[in-house]
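Structure first, then comments.
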Amino acid sequence: MNNVIAKSKDVTLLEILDRVLDKGVVIAGDMVISVADVDLIYLGLKVLLSSVETMEKLRGSPFIGPMQEAK
Amino acid sequence: MTRQQLVYLYCVADREPELKETEGLADNLYFVCNNGLYAVAGKVEEEEFGQEGLKRNMADFEWVKAKASVHERIIELVMADTDVIPFKFGTLFNTNDSLKVMLEQYGEEFEAILRKLAHKQEWGLKIYCNSEKLKTSFSNDEAEILKIENEIKSSSVGKSYFLKKKKDELIEKTLNERINECGQESFELLKELSFDAHINRLLPREVTEREDEMVLNSAFLVDKDEVGDFQNMVDTLKMYYEGKGLLIDCTGPWPPYNFCGLSREKVQNE
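Heads up: the sequence lines are chains A and B, in that order. Read left to right, the first sequence gives residues 1 to 71 (this note's numbering). Read left to right, the second sequence gives residues 1001 to 1270 (this note's numbering).
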């Protein structure tokens, strides 16, 4: 049953980064490595968060609002 | 004196994980147990993952790609025999004792999350839009657009200029409507077949490296017994939208990264 829908290699890397760097349980261990530091990767990837937000606003995304509230 | 090492936490499981197969992916992979919870961890160099090193390395995309892939593969291997709580990339502790303290501190929360995740899988659904293809697909059957086109043909230069502008606006409006319809419909149909569902922020082209624009980024927590139905629904959606400029991309099963949030109060108290 596993992997019925094949993971193509390129997609997988994007999917991995989208999850591993952005999601998962966040606990600041006993070190002072803040989540903000880890988020630097998005700057490295030229993904300026503000530009992502702007894009979402431009798109309008009317279906995102109500559904997120409903979760 | 040996070089300073740190403890890197990958995931927490509620059964003793089999770590043999993970050999070669990371050095010194082991688990720390506390009250029936097993934290899968590995030793990493302070130089590489300490505050300074991590900051430096996070700017190196190749390093991030390699390490993020290892992080994912280790969790996937553990996930093969037990439910897991995946941790975010770069969760580090100074010692096994401090990891154990964390397990003790969050034990009840972790157990509650693992109960919720039992017998379920995370699946991801992203939708990409090729605007030109989508425009072509609806321009020939939208009555209003066809009507304006006809009017343009029989209009003066001045009037047709404004009619063209009106037509372009109508096309843009229809484009957004179609995208939202597709996103909303897909998300809601799949949510019906899921235990839980989330919409995540869209990723721009610089990250996806696709010409088509991402218009939905979502994740679903699906009961293992429902995965077949879930996939059938994905196939139905794919077939319906095929050739209409909307590409549906489903991947999984993933560790449940999107569905193991700690309650807000607890995190704020830290």
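Where a beta carbon is used, it is the ideal one built from N, C-alpha and C, also for glycine. Bear in mind the structure is a predicted one, so any value in this text is a computation, not a measurement.
Interface partners of residue i on chain A, CB under 7 Å
i	result
Thr1208/B	Leu14
Ala1068/B	Ile16, Leu17, Val20 and Leu21
Glu1242/B	None at all; the shortest Cβ gap to chain A is about 15 Å.
Supposed contact pair residue j and residue i - C-beta distance, whole angstroms, cut 8 Å
i	j	result
Leu1203/B	Asn1217/B	6 Å
Phe1195/B	Leu1221/B	5 Å
Leu1163/B	Ile1152/B	5 Å
Leu1134/B	Gly1245/B	3 Å
Val1331/B	Ala1013/B	Not covered by the structure: residue 1331/B. The range shown for chain B is 1001 to 1270.
Pro1103/B	Val1032/B	First, the residue type needs correcting, since residue 1103/B is Leu and not Pro in the sequence shown. Their Cβ separation, rounded to whole angstroms, is 7 Å, which keeps Leu1103/B and Val1032/B in contact under 8 Å.
Gly1090/B	Leu1054/B	6 Å
Thr1082/B	Pro1017/B	6 Å
Leu1190/B	Met1239/B	The pair is not a contact, with the Cβ atoms about 15 Å apart (cut-off 8 Å).
C-beta neighbour in chain A for residue i, strict 8 Å
i	result
Leu1017/B	Checking the sequence shown, residue 1017/B turns out to be Pro, not Leu. Judged by the 8 Å Cβ criterion, Pro1017/B is not in contact with chain A.
Cys1033/B	no
Lys1043/B	no
Gly1124/B	yes
Phe1195/B	no
Trp1063/B	no
Asn1130/B	no
Asn1258/B	yes
Thr1251/B	yes
Met1102/B	yes
Under 8 Å from the C-beta of residue i: neighbouring residues of chain A
i	result
Leu1037/B	Under the 8 Å cutoff, chain A gives no residues; its nearest Cβ is about 13 Å from Leu1037/B.
Glu1072/B	Ile16, Arg19 and Val20
Classification of residue i by the beta-carbon crowding that lies within 10 angstroms, buried from 16 upward
i	result
Asp1235/B	exposed
Glu15/A	buried
Tyr1010/B	buried
Leu1110/B	Residue identity check: residue 1110/B is Phe in the sequence provided, not Leu. Buried: at least 16 other Cβ atoms inside 10 Å.
His1119/B	exposed
Arg1205/B	exposed
Met1058/B	buried
Phe1049/B	buried
Gly1183/B	buried
Tyr1257/B	buried
Val1215/B	buried
Tyr1161/B	exposed
Asp1060/B	exposed
Val25/A	buried
Partner residues on chain A for residue i, Cβ-Cβ distance less than 9 Å
i	result
Leu1262/B	Val25, Val26 and Ile27
Proximity test, Cβ basis, 8 Å: residue i and chain B
i	result
Ser50/A	Summary for Ser50/A: the model assigns pLDDT 36, below 50, so the residue's position carries little reliability; its value from the coordinates is reported in the next sentence. False, the Cβ-Cβ gap to chain B never drops below 8 Å.
Within chain E, partners of residue i - CB distance below 9 Å
i	result
His1119/B	The chain inventory of the structure shown lacks chain E, comprising the protein chains A and B.
Problem set entry | Near-chain A residues of the segment 1078-1090 of chain B - C-beta to any C-beta below 7 Å | Ile1085, Pro1086, Phe1087, Lys1088, Phe1089 and Gly1090
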